[in-house]
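Residue numbers (the working numbering), protein chains in the order written: chain A, 120 to 211; chain B, 5 to 474.
Beta carbons are placed, not taken as given, at the ideal position from N, Cα and C, and that holds for glycine.
This is the structure in structure tokens:
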């Protein structure tokens with residue numbers, strides 16, 4: 120185990136808390152949706168295991184993981200963008 | 005890891021952090037989402053195997069064809085879902101996307117764990133087990149949350165001793181995890197692993213079933229941070245730093261977001277998860293007792309229109325009822341007509357209005373209500389005494405003075421929009437049915453309150469016509 124990875128993990132916890140500590144409640148939903156898209160990075164985990172899959176079972180489960188991850192990442196960013204494009208200022 | 009890879013990962017992490025930071029302000033939120041998406045694209049294009057090989061330069065095999073097909077299918081599912089969903093149903097969509105993410109995290113960890121002929125250190129085994137457990141729990145929990153928001157078994161499902169049964173299941177799960185962590189390559193490991201996986205799926209269902217539909221936003225936010233943590237654990241397991249960083253960011257910011265949401269409802273998170281809120285009608289009935297003998301005073305659209313037109317200050321309190329009736333465009337039309345007649349119109353948005361915090365802002369933004377007309381509860385309450393007419397459209401619990409006055413009420417202590425302080429109140433409502441919390445609303449029985457019954461959309465159309473005619 121590489122201690123650096125634990126170090127990075129701990130720092131990331133504090134950064135995550137810090138960046139959203141002053142968010143107005145009107146943005147809670149888009150923020151939840153946006154962070155939801157970011158954990159779609161699991162797609163890469165799916166790609167990596169599927170790339171090295173050796174048996175039919177591994178291929179099948181890896182394939183499902185890629186489909187799930189891909190839906191998470193694309194759907195997540197798109198639905199967030201759709202929400203946010205509606206936030207406009209008053210027409211002057 | 006080569007230095008180049010390290011720089012790439014620093015870049016990707018920075019894009020995610022800046023993206024989330026920009027998402028936290030209305031002016032830059034859309035850009036923030038694009039920045040985060042850009043980070044994801046860079047990460048995809050520079051994806052390296054744990055061994056250091058560049059993924060996209062390997063010999064093309066059937067596995068790569070499967071990856072390409074899987075990506076496209078996911079893209080189609082995601083895009084269809086994202087662009088076809090009605091804005092009122094958006095929380096469900098987020099729940100689904102979160103669920104599939106959790107499912108993927110569980111599958112990746114399972115595949116790594118069950119790989120034959122490989123010695124796994126205890127640290128890696130724990131990461132994989134954690135990702136499997138949390139990921140599958142998030143998967144099944146999100147699906148139940150989705151179904152609840154769709155209106156299927158919306159009521160909390162409880163039985164006596166439920167928390168004890170759930171606790172026992174959790175103990176079995178943790179026991180299995182503990183054993184597997186040290187016996188990853190034992191003879192019965194894969195059987196135990198399958199049992200663990202199934203139990204975790206069941207636990208996700210059991211955890212969300214007793215929670216009422218009104219609390220689903222909190223649950224989704226919590227499951228969102230769970231999925232983030234599962235992804236981070238997967239990152240440990242397959243030694244992918246970008247996944248560790250992204251997953252941890254989501255896990256910690258999601259946890260804070262969950263706590264902020266609970267704070268907006270003035271309830272501790274434990275109460276949301278184990279309280280089975282809204283399941284008993286007991287205190288609701290008690291509240292109704294005080295109201296015996298009191299009646300509500302109905303009003304017709306023409307009279308309501310007159311009240312509005314001759315007011316100087318109008319505050320509109322939209323609730324989920326408005327969203328269900330798809331009446332946000334009519335609300336916007338009404339506010340424009342009133343503004344043309346010199347009435348100052350503001351919208352008071354309760355932090356938990358709609359089905360998710362901020363959901364109401366999205367719905368009103370969809371109807372072109374400029375976001376600087378939307379006021380947060382803390383800003384509007386001190387000015388409520390000077391408001392001539394407060395128009396409550398399909399909102400209920402968030403304007404219930406019982407939260408302030410009735411210590412026995414389940415919503416006691418929840419911050420509310422003080423609609424009852426306005427000189428007169430018009431409540432638009434379909435019927436006298438109670439809100440999500442299942443309790444009577446004292447506001448409806450106050451002397452300065454008038455009820456405009458009917459479908460919100462139809463009533464608003466009538467109001468707009470009357471305002472135009474006056």
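Same chain, Cβ closer than 7 Å to residue 327 of chain B, neighbours up to 5 away in sequence not counted: Excluding positions up to five away in sequence, the list reads 92, 358, 367.
Identity of the residue in B:443, B:399, B:435 nearest residue 300 of chain B by Cα: B:435
Pairwise C-alpha distance: residue 127 of chain B and residue 147 of chain B: Between the C-alpha atoms of residue 147 of chain B and residue 127 of chain B there is a straight-line separation of about 30 Å.
Segments assigned alpha helix (DSSP H), at least 4 residues, entirely inside the segment 155-210 of chain A: 161-170, 175-203
C-beta contact flag for residue 105 of chain B and residue 191 of chain A at 7 Å: yes
As assigned by DSSP and simplified to three states, the class of residue 433 of chain B: strand
Cβ shell of residue 417 of chain B (< 7 Å), same chain only, five flanking positions each side left out: Contacts found: 270, 407.
Near the ligand ADP: residue 232 of chain B beta-carbon under 6 Å from a heavy atom: Of ligands this structure carries none, so the ligand ADP is not represented either.
Backbone CA spacing between residue 33 of chain B and residue 374 of chain B [nearest angstrom]: Cα-Cα distance, rounded: 15 Å.
Terminal residues of the beta strand (DSSP E) in which residue 352 of chain B lies: 348-353
Spatial distance of residue 44 of chain B from residue 14 of chain B (CA atoms): If I take the Cα positions, the gap works out to 13 Å.
Residue 156 of chain B, buried or exposed, once every other Cβ within 10 Å from all chains shown has been counted against 16: exposed
Short CB-CB distance (under 7 Å) between residue 190 of chain A and chain B: yes
Chain-order list of residues whose beta-carbon lies under 7 Å from that of residue 403 of chain B (same chain, five-residue window excluded): When the five nearest sequence neighbours on each side are left out, the beta carbons in the same chain lying within less than 7 Å of the beta carbon of residue 403 of chain B are those of 321, 396, 420, 421, 423, 447, in order along the chain.
Integer-rounded CB distance, given that residue 170 of chain A should sit under 8 Å from residue 112 of chain B: So it is not a contact: roughly 12 Å between Cβ atoms.
The segment 245-252 of chain B / the segment 122-133 of chain A touching (three or more Cβ pairs under 8 Å): yes
Contact list for residue 163 of chain A against chain B, beta-carbon separation under 8 Å: 47, 48, 51, 244, 246, 247
Listed by chain order, chain B residues near residue 175 of chain A by CB distance under 9 Å: The contacting residues do not exist; residue 175 of chain A stays about 11 Å from chain B at best.
Residue 252 of chain B at chain A interface by Cβ criterion, 7 Å: yes
C-beta contact flag for residue 311 of chain B and residue 393 of chain B at 7 Å: yes
Contacts of residue 149 of chain A in chain B (Cβ-Cβ under 8 Å): 27, 33, 37, 362, 366
Contact with chain A by residue 77 of chain B, beta-carbon distance below 7 Å: yes
Three-state class that DSSP yields for residue 12 of chain B in the structure shown: In the structure shown, residue 12 of chain B sits in a helix (DSSP, three-state: H, G or I).
Contact residues within the segment 336-349 of chain B, judged by C-beta distance below 8 Å to chain A: none
Cβ neighbours of residue 201 of chain B in the same chain (closer than 8 Å, five flanking residues each side left out): 110, 114, 136, 140
Separation of residue 433 of chain B from residue 289 of chain B, as counted between CA atoms: Per-residue confidence for residue 289 of chain B stands at a pLDDT of 40, beneath the threshold of 50, marking its modelled position as unreliable; the derived number appears in the next sentence. Rounded to whole angstroms, residue 289 of chain B to residue 433 of chain B spans 21 Å at the Cα level.
Cβ neighbours of residue 181 of chain A in the same chain (closer than 7 Å, five flanking residues each side left out): The residues are 165, 168, 169, 172.
Residues near residue 36 of chain B by beta carbon distance below 6 Å, same chain, minus five either side: Counting only Cβ-Cβ distances below 6 Å, and skipping sequence neighbours, we find 23, 26, 27.
Whole runs of the alpha helix (DSSP H) within the segment 377-458 of chain B, excluding any shorter than 4 residues: 381-384, 406-409
Integer Cβ distance of residue 161 of chain A from residue 40 of chain B, believed to fall under 8 Å: No, residue 161 of chain A and residue 40 of chain B are not in contact; Cβ-Cβ is about 15 Å, not under 8 Å.
Residue 55 of chain B to residue 381 of chain B span [Cα, whole Å]: Answer to the nearest angstrom: the Cα atoms are 53 Å apart.
Residue 230 of chain B vs residue 142 of chain B beta-carbon contact at 7 Å: yes
Cβ pair count under 8 Å reaching 3, the segment 74-83 of chain B against the segment 198-216 of chain B: no
For residue 221 of chain B: DSSP bridge partner residues: The beta-bridge partner set that DSSP reports for residue 221 of chain B is empty.
Straight-line Cα distance separating residue 156 of chain A from residue 325 of chain B: 29 Å
Neighbour flag for residue 291 of chain B against chain A, beta carbons, 7 Å: Model confidence at residue 291 of chain B stands at a pLDDT of 44, short of 50, so the residue's coordinates are unreliable and nothing is read from them.
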